[in-house]
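Here is the structure we will look at, set down as structure tokens.
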Amino acid sequence: MSDTPPNLSTGDLSLNTRTSLPDGYAFLLAAYPRPVWAEHPNNGQWCQFWLQRHQMFRDYSAALTDACEQLSDGKIEAAAFHEWFVPRVNFYFGEIDSHHKVEEYHYFPALAQADAKMGCGIELLEGDHRVVHDRLIAAHETIVALDAAIRETPGDIASAAPAARDGIAALGDALGHHLNDEEDIIVPLILDRTEPVLGIG
Ligand SMILES: [Fe+2]
Ligand SMILES: [Fe+2]
4 MSDTPPNLST
14 GDLSLNTRTS
24 LPDGYAFLLA
34 AYPRPVWAEH
44 PNNGQWCQFW
54 LQRHQMFRDY
64 SAALTDACEQ
74 LSDGKIEAAA
84 FHEWFVPRVN
94 FYFGEIDSHH
104 KVEEYHYFPA
114 LAQADAKMGC
124 GIELLEGDHR
134 VVHDRLIAAH
144 ETIVALDAAI
154 RETPGDIASA
164 APAARDGIAA
174 LGDALGHHLN
184 DEEDIIVPLI
194 LDRTEPVLGI
204 G
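So the sequence shown is residues 4 to 204, counted in my numbering.
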């Protein structure tokens, strides 16, 4: 057996390749399936806020991808697109980064301590963050190229807009997958133990 820990950014469990969570990761999901989350009395203020942030990321991803699609299809003027898109994509990127930092420095350690079975899930989620970060960097490069095309070389918009759409969509795919798995691992633990017991909220 190797002493080297599995690389969760690149192996079979990587967000880039896995299709579902392996057995044992979302170990309380069967007891607390998604349909019971919203009305469960232990779904406290922190959990509700956290789930709302996740939904905000999903909504931003869809809206930003759609805007790039409209620009690609010539359904929106470049200047109007630029004015709408730039502050929102900057907000989206910044919020993803801070959300991950808060999880990694504050919430993940508290959740990992709550149950020995949480360790593998938290490691997996930290590996996901690295994959999402890589896709964010790649998406950012496509956005910089699109910004330059709109401001300096409008002839390049025809190629830069679909590239930006693909970059944002690829980021959104990975992030959405991560959010779903993260929720399946963490929300049932909160409902089972309560936020005060876990030291969050
Ligand atoms: Fe996360
Ligand atoms: Fe999260």
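Every residue gets a Cβ at the ideal spot worked out from N, C-alpha and C, and that includes glycine.
Closer than 7 Å: LEU114 CB and nearest ligand 2 heavy atom: no
On a CA-only basis, which of HIS181, GLU155, ALA148, PRO199 is nearest GLY170? Give me that one, please. ALA148
Spatial neighbours of HIS181 within its chain, please: C-beta separation below 8 Å, excluding the five flanking residues on both sides. LEU18, LEU128, ASP131, HIS132, VAL134, VAL135
Consider the C-beta atom of GLN182 and the heavy atoms of ligand 2; say whether any pair is separated by less than 7 Å. The amino acid at residue 182 is misidentified as Gln; the sequence shows Leu. Under cutoff, so the answer is yes.
Closer than 7 Å: GLU185 CB and nearest ligand 4 heavy atom: As far as ligands go, the structure on display features ligand 1 and ligand 2 and does not contain ligand 4.
Could you check what DSSP says for HIS57 in three-state terms: helix, strand or coil? helix
Is any heavy atom in ligand 2 found nearer than 7 Å to the beta carbon of GLU198? no
For ARG138 and ALA177, which I take to be in contact (beta-carbon distance under 8 Å), what is that distance rounded to the nearest angstrom? 5 Å
Report whether the distance from the Cβ of GLU98 to the nearest heavy atom of ligand 2 is below 7 Å. no
Three or more beta-carbon pairs under 8 Å between the segment 188 to 203 and the segment 28 to 37, yes or no? yes
Got a sec, what are the start and stop residues for the alpha helix (DSSP H) ASP76 sits in? Premise fails: ASP76 is in no alpha helix (DSSP H) and is neither H nor E.
Taking the alpha helix (DSSP H) that ILE140 falls in, what are its first and last residues? 122 to 154
Looking at C-beta atoms only, is the number of pairs between the segment 56 to 67 and the segment 94 to 114 that lie closer than 8 Å three or more? yes
Closest residue to ALA115 among ALA163, ILE188, ALA161, ALA41 (Cα-Cα distance): ILE188
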